[in-house]
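Protein chains in written order, with this note's numbering: chain A, 986 to 1379; chain B, 986 to 1379. Have a look at the structure below, then the notes.
Number of protein chains: 2
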Amino acid sequence: MRRLVWIFLLPLLLGPGQAASEGIGSRVFVVERASGSLAVYDYQARKLLPKRITDLGNLRHATMIFSPDLRYGYLATRGGKVSRIDLQSLERTGEIFTSQNSIDNAISQDGRVIATAEYVPGGVTLIDAEDLHLLKEHRATFEKDGKTFPSRVTGIVDAPGNRFVCVLIEGGEIWIIDASQPGFPIEHRIPTNAALPYDAMITPDGRYYVVGHLESDRVSVLDLTKPEAGVREISLRDPTLKYDKNAPVKLPHMASWAVAGKWVFVPLVGEKRLAVLDRSTWEFHRSIPVRGHPVYAVRSPTEREIWVSFSGEEDDAFVQIIDTEKLEVVDTLEVGGRIYHMDFTPRGSHVLVSANRDNKLVLVNAATRRIEDVQTLESPSGIFGVWRAFRIGL
Amino acid sequence: MRRLVWIFLLPLLLGPGQAASEGIGSRVFVVERASGSLAVYDYQARKLLPKRITDLGNLRHATMIFSPDLRYGYLATRGGKVSRIDLQSLERTGEIFTSQNSIDNAISQDGRVIATAEYVPGGVTLIDAEDLHLLKEHRATFEKDGKTFPSRVTGIVDAPGNRFVCVLIEGGEIWIIDASQPGFPIEHRIPTNAALPYDAMITPDGRYYVVGHLESDRVSVLDLTKPEAGVREISLRDPTLKYDKNAPVKLPHMASWAVAGKWVFVPLVGEKRLAVLDRSTWEFHRSIPVRGHPVYAVRSPTEREIWVSFSGEEDDAFVQIIDTEKLEVVDTLEVGGRIYHMDFTPRGSHVLVSANRDNKLVLVNAATRRIEDVQTLESPSGIFGVWRAFRIGL
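So, in structure tokens, the structure goes:
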């Protein structure tokens, strides 16, 4: 049978000197920490774009969020600055200083409001995502011996119902802020009980807010569907192991937990294991031994695998892959020195890895586990794909 | 404390007559069935774009997929035509006829290959996503009494590992095609046992492929992590209900199942209930009674709610909302006559609803459940947001 095949091409409507528009869906912003800039990688085209975004300030712990219409990315830096990047032109089109020292930012579920969590002065600032104008400042304080003290704020995330959730470090209190109401009220203030909450995360379904505490093996878990019930404290210790009571306890890096299938995988800083918790009860299930001290645990969109990175020169070039059904390591890959960040492409075909010491961004095929592309970058760290616009809590 | 707030604006680099680029992340393509066109709605800006894409042919059962870089959408129509749409300019920039009668299309996990499932001639055609050139045709046939007959193919989806999965209607066979290998081999051919598979779906994690059979209350479930184990047959009947053995059994519309939390919600055509199955065992758990004959069940990205639409003039203007923990209807909304399609915005803030008889596209706030925008369209049906680019199986 004959088959009619024809293609017609759009006449070139662009003027001289203008490059054809390229797709922005596969653009990935990579923090180049040492130079204070963002490089832009197109993982589908497998090339670095010629333009870098520079002069962004101190990019330690920089985080980037994206508007739902994919017009803008917003980079928050430690120096208190939020920079707005046009995702098409890659120009910086605005900036605002919200504090002297910020730690995190988030964009509301409806994409209209950006919130930053701040250390100095401690609080939360809400700004308009469209024009960056200031909407509201919530100063964070706490009372002690009849006096009022300032508190640092951290772990800000977006949550369902157009809410923001964050935690006061010295105040020991979780805030739920309603970003749909005039004045952006603090709707709930929930004590965390344990001292010094220091970092937090939200599960990908937006249901649980989990707070880590300094020098504690316990975390506080808040079910956001029942905030009035308060937090539950959960231990990350393995009851079958013996612990030296004098050894310091290190807080796991909260942003790095992976939720897959019915489990939560927690990389434990200072121990050569991941803790596996039950996703619905938050009970400790078992440990998974790994080759070194784990830092990041990243889930595949298929939820079949967790990829784990490590600290320490002997281990930090390796990734171990955990099967989420077998609950054991099924593969070990050597990718590049001092892996700082990993992220799966949205449908899980590939994994992007930044190898900071080796100045490399590496694209690994998730099925064959072979390296398919390597780009040279200057001390790369955080990796932010634009598809984070479409995920709760990112 | 003083706070430095300043914004600088990008100088307008665009020439005369060119509109400023608008974000494509919130663009939604809506099939206008009667006129054979696609309307484009920006749910973030809450406006219909002035441009329509017309002359697209028979848009009954049209499906649209998107490239991972968000350069293109691909519309497959019953007439066997795949049209490529530039997502920025909204121009049609190519088309190919792959058959005389197609039913479905899918894009590979790596975004490089498009596959269409075809009735006439029966088979699967693989085309290059970049330039639409023909890569491979797999003719579908089956043997009976020593003779070879053609088979229709349906239910094509992308699956992890860069695979496509589809099912042969007369052949009664599931195919797994490897889109990474030269020649795109059919890697597995798995019999479905029960007669006349007619439609299929894949779970959002890409793990289970579920096939519905004509005139049967049973579906075949294939675990794609263990294809060699073959299919399991699952009944959708409620063992606590009595059935008239002479009454015809209707196949539930497969594309409309919702997977949320630990459950699968199946809207049963011809019964006033949803069946709730266990997501890991696929055992029947219970029924949820609803006001009419359910058609679509759509999950919130939070997995807390399922929104259900209905057939029949008495019910088809209503949506019922099911709580996925309580497993019961918690709300009923009247949205518009003959609801054909619903989809949540990516972070779950809103639901888009097409009301075909009322010629309306409706934007409902998922938290307040209030209608926030209504647009007039000509007999709207399928709703395809560009964020489908970032989801397995869509």
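A virtual CB, placed ideally from N, CA and C, is assigned to each residue, including glycine. Note that the structure is predicted; figures quoted are calculated from it, not measured.
Identified DSSP bridge partners for residue i
{"i": "A:M1049", "result": "A:L1060"}
{"i": "A:E1122", "result": "A:T1110"}
{"i": "B:D1308", "result": "B:E1290 and B:E1313"}
{"i": "B:T1133", "result": "B:E1128"}
{"i": "B:D1328", "result": "B:L1337"}
{"i": "B:N1360", "result": "Looking at the sequence shown, residue 1360 of chain B is not Asn but Gln. Note: B:Q1360 sits in a beta bridge opposite B:L1346."}
{"i": "A:A1102", "result": "A:D1089 and A:V1109"}
{"i": "B:F1269", "result": "B:L1262"}
{"i": "A:L1153", "result": "A:V1138 and A:E1158"}
{"i": "B:A1024", "result": "B:V1015"}
{"i": "A:I1070", "result": "A:G1058 and A:R1077"}
Proximity of residue i and residue j at Cβ, strictly below 7 Å
{"i": "A:H1326", "j": "A:G1378", "result": "no"}
{"i": "A:V1234", "j": "A:K1257", "result": "no"}
{"i": "B:A1352", "j": "A:G1096", "result": "no"}
{"i": "B:T1177", "j": "B:A1245", "result": "no"}
{"i": "A:L1072", "j": "A:L1055", "result": "yes"}
{"i": "B:I1009", "j": "B:L1023", "result": "no"}
{"i": "B:A1125", "j": "B:G1156", "result": "yes"}
{"i": "A:G1370", "j": "A:V1138", "result": "no"}
{"i": "A:V1098", "j": "A:L1111", "result": "yes"}
{"i": "A:E1115", "j": "A:S1084", "result": "no"}
{"i": "B:D1190", "j": "B:M1239", "result": "no"}
{"i": "A:V1109", "j": "A:C1151", "result": "yes"}
{"i": "B:R1018", "j": "B:L1044", "result": "yes"}
{"i": "B:I1092", "j": "B:I1141", "result": "no"}
{"i": "A:S1136", "j": "A:G1107", "result": "yes"}
{"i": "A:T1329", "j": "A:S1285", "result": "Note that residue 1329 of chain A is Phe in the sequence shown, not Thr. Their beta carbons are under 7 Å apart, which means A:F1329 touches A:S1285 by this criterion."}
{"i": "B:I1273", "j": "B:L1318", "result": "no"}
{"i": "B:F1375", "j": "A:F1375", "result": "yes"}
Beta-carbon proximity list for residue i, same chain, < 7 Å, skipping 5 on both sides
{"i": "A:I1175", "result": "E1158, I1159, L1207, P1212, G1215 and V1216"}
{"i": "A:W1292", "result": "V1283, V1304, I1306, M1327 and V1336"}
{"i": "A:E1299", "result": "G1277"}
{"i": "A:L1181", "result": "I1154, H1198 and L1199"}
{"i": "B:F1134", "result": "T1126, F1127 and E1155"}
{"i": "A:V1347", "result": "V1320, G1321, V1338, A1340, I1356 and V1359"}
{"i": "B:H1046", "result": "R1063 and I1088"}
{"i": "B:K1121", "result": "L1111, G1168 and F1169"}
Close beta carbons around residue i, own chain, < 6 Å, minus the five adjacent residues each side
{"i": "A:P1331", "result": "W1372"}
{"i": "A:S1006", "result": "The predicted position of A:S1006 is uncertain, since its pLDDT is 44 and thus under 50; no value can be drawn from it."}
{"i": "B:R1222", "result": "D1202"}
{"i": "B:I1171", "result": "W1160 and I1162"}
{"i": "A:Y1296", "result": "A small correction: the amino acid at residue 1296 of chain A is Ser; Tyr does not occupy that position in the sequence shown. Hits under 6 Å: H1278 and V1280."}
{"i": "A:S1011", "result": "D1027, Y1028 and Q1029"}
{"i": "A:K1036", "result": "L1075"}
Rounded C-alpha distance that separates residue i from residue j
{"i": "B:A1243", "j": "B:V1280", "result": "11 Å"}
{"i": "A:V1016", "j": "A:K1032", "result": "16 Å"}
{"i": "A:V1195", "j": "B:E1076", "result": "46 Å"}
{"i": "A:K1227", "j": "A:S1294", "result": "25 Å"}
{"i": "A:L1262", "j": "A:I1161", "result": "25 Å"}
{"i": "B:D1358", "j": "B:L1199", "result": "39 Å"}
{"i": "B:T1361", "j": "B:G1321", "result": "12 Å"}
{"i": "A:H1173", "j": "A:R1148", "result": "11 Å"}
{"i": "B:D1343", "j": "B:I1324", "result": "9 Å"}
{"i": "B:A1179", "j": "B:D1143", "result": "23 Å"}
{"i": "A:E1363", "j": "A:A1100", "result": "29 Å"}
{"i": "B:S1052", "j": "B:T1078", "result": "14 Å"}
{"i": "A:M986", "j": "B:Y1193", "result": "Bear in mind that a pLDDT of 38 at A:M986, under 50, signals an unreliable position, so the model cannot answer this."}
{"i": "B:K1345", "j": "B:G1333", "result": "21 Å"}
{"i": "B:W1248", "j": "A:V1314", "result": "28 Å"}
{"i": "A:P1252", "j": "A:I1219", "result": "15 Å"}
{"i": "A:P1237", "j": "A:I1187", "result": "14 Å"}
Same chain only: Cβ atoms within 8 Å of residue i, ignoring 5 sequence neighbours per side
{"i": "A:E1080", "result": "K1066, V1067, S1068, R1069 and L1117"}
{"i": "B:R1355", "result": "V1349"}
{"i": "A:T1020", "result": "What sits at residue 1020 of chain A in the sequence shown is Ser, not Thr. Result list for A:S1020: T1039, E1363 and S1364, in chain order."}
Within-7 Å CB hit, residue i to chain D
{"i": "B:R1264", "result": "Of the chains in the structure shown, none is chain D; the protein chains are A and B."}
Residue i beta carbon near the ligand ZN (any heavy atom closer than 6 Å)
{"i": "A:T1177", "result": "This structure does not include the ligand ZN; it has no bound ligands of any sort."}
Do the region 1084-1103 of chain B and the region 1053-1063 of chain B make contact, defined as three or more Cβ pairs closer than 8 Å?
-> yes
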